[in-house]
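Just so we're aligned, residue 30 is where the sequence shown starts under this note's numbering, counting upward by one. A virtual CB, placed ideally from N, CA and C, is assigned to each residue, including glycine.
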Amino acid sequence: MPRRNNISKILIIGAGPIVVLGLCIAHMAQACTVFGIPFVAAANFDLIVQDDGRPVAGIPIVVTRVGDKTNKPLLELKSDQDGRVPIRGLLPGEYAIDNLGPLKADEMLAVVKKHGPEKLAKPVVFPWPLYGIVNFKSLQGTLRAASAQYPFAAVDVAVMTVDTGTQLKALRTGADGHFKFSEMPPGLYVVQVHGSQPGIGKNWEVNGPIAVRIVPDSPSAADNVELILGESSCGIWYAHCPPKNSIDLASRRIQVTDPLGAVVGSAQYAVEDTSGKKVAEGHSDQEGVIVLPAELIGGAYKLRVSRLGFTPLEQPLEFVPPLAGAKTLNVVLNVDGVCSQASLEKHATP
């Protein structure tokens, strides 16, 4: 599930040297910094809580006047079945709009001007949550660490209510990360996870909330969902990447880059056969290049590429006989919950 397109956070991904502002990669940042998303408001307007254009009901919203020394919320409301929250009676000034509950979205900043309109004609969208809601037919699936270098030894999983964070059920998985909560009625929940990852600092272990919806009759929901989980200085991120179509590969050369086209060196890779046996493995060189053995022939192989701080790639491959001048396989390792891609085109589309 890709992250929403905004630039409200500066964050450090994983424990590595990658720093992200939206999709801009830079260095020297030390921690997560959150900026409110500002907009010009009116004394009265409707806020619509949405996930990718779909209304989200039951999300508690608070409005607090900026500069109020008591920090006491002016309004405490909950989104209705249409995702609507009526904001009324604001005086000129600035107001922070945030949500309560175990899973937070980006805060918004409403600026009401002295001579502004009495009412906004159009509602204001409040995107919730940051990484989108993951749909399940029933609440079971597999949680996998984004870093192949630091896999999960075990994962603690708890199901909570979306408004108050009341814990409903909890379990601990094994290293495979598989979980199953039976007899969960349809609805919206928050799943809190904490993955134990030996070899990585406790502050960088995956730990945080995931928005899930149980929709047994939805054709788009999966019976068993696999989620890729990572941790940044802004907290947990998660990606639900759909299965990819197999690529016929005549070249044995792979170029690994980030979303801006910069090479990614030291990326771990492995090629597995149908039994899960690794037939090739290693790391990309300093130019981000991987060269696979020429003797790899046939289909039903799976290429895995990962590096700390990036969303790992899983790509089915069919190795056709090597051909001089064949196109290089371009792998774009994305960040912050955006699914990585592989393509024979000049640039893969994120």
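query, result
"N232, DSSP secondary structure in three states", "helix"
"Reduced DSSP category for G327 - H, G, I as helix; E, B as strand; rest coil", "strand"
"Collapsed DSSP secondary structure at H56 in the structure displayed", "In this prediction, H56 scores a pLDDT of 29, lower than 50, which makes its location untrustworthy; the coordinate-derived value is nonetheless stated afterwards. Of the three classes helix, strand and coil, the one that applies to H56 here is coil, per DSSP."
"H269 (DSSP reduced to helix, strand or coil)", "coil"
"Contact between the region 358-368 and the region 275-284 (3+ Cβ pairs under 8 Å)", "yes"
"Check whether S313 and Y330 have beta carbons under 8 Å apart", "no"
"CA nearest to the CA of F165, picked from G338, H269 and S280", "H269"
"Helix, strand or coil at S211 [DSSP, three-state]", "coil"
"Stretch-stretch touch, CB-based, cutoff 8 Å, three pairs: the region 156-174 with the region 213-228", "yes"
"In DSSP terms, what G122 is bridged to", "V141"
"Test item: CB-CB of V92 and V140 under 8 Å", "no"
"Close Cβ partners of N34 (< 7 Å) along its chain, the five nearest in sequence each way excluded", "Any reading at N34 is ruled out, since the residue's pLDDT is 39, under 50, leaving its predicted position unreliable."
"Which of helix, strand or coil DSSP assigns to E374", "coil"
"Spatially closest choice to N128 from V244, K107 and I116, by CA coordinates", "K107"
"Contact check, L346 vs S275, beta carbons under 8 Å", "yes"
"Assigned secondary structure, P345 (DSSP; H/G/I helix, E/B strand, else coil)", "strand"
"Status (buried if at least 16 other CB within 10 Å, exposed otherwise) for R117", "exposed"
"Assigned exposure category for D135 - 16 Cβ within 10 Å defines buried", "buried"
"The beta strand (DSSP E) enclosing S67, as first and last residue numbers", "The identity of residue 67 in the sequence shown is Pro, whereas the question assumes Ser. P67 -> beta strand (DSSP E) spans I66 to A70."
"Status (buried if at least 16 other CB within 10 Å, exposed otherwise) for T340", "buried"
"E382, DSSP secondary structure in three states", "Beyond the ends of the chain as shown, which are 30 and 379, falls residue 382; an answer cannot be given."
"Under 8 Å between C-beta atoms of V184 and Y218", "no"
"Separation of G237 from P131, as counted between CA atoms", "9 Å"
"Nearest candidate by alpha-carbon position, reference Q315, set C368, S295 and P271", "S295"
"contact_flag[the region 235-255, the region 148-168] where n(CB pairs < 8 Å) is 3 or more", "yes"
"Beta-carbon proximity of F155 to I77, cut-off 8 Å", "yes"
"Where T202 falls: helix, strand or coil (DSSP)", "strand"
"As assigned by DSSP and simplified to three states, the class of A279", "coil"
"Straight-line Cα distance separating Y160 from Y267", "7 Å"
"Start-to-end residues for the beta strand (DSSP E) that takes in K107", "L104 to K107"
"Three-state class that DSSP yields for P146 in the structure shown", "coil"
"Closest residue to H144 among K306, L200 and P121 (Cα-Cα distance)", "P121"
"Test item: CB-CB of R113 and L103 under 8 Å", "no"
"Residue burial classification, Q370 (beta-carbon count within 10 angstroms, cutoff 16)", "buried"
"Secondary structure of Q79, DSSP reduced to three states", "strand"
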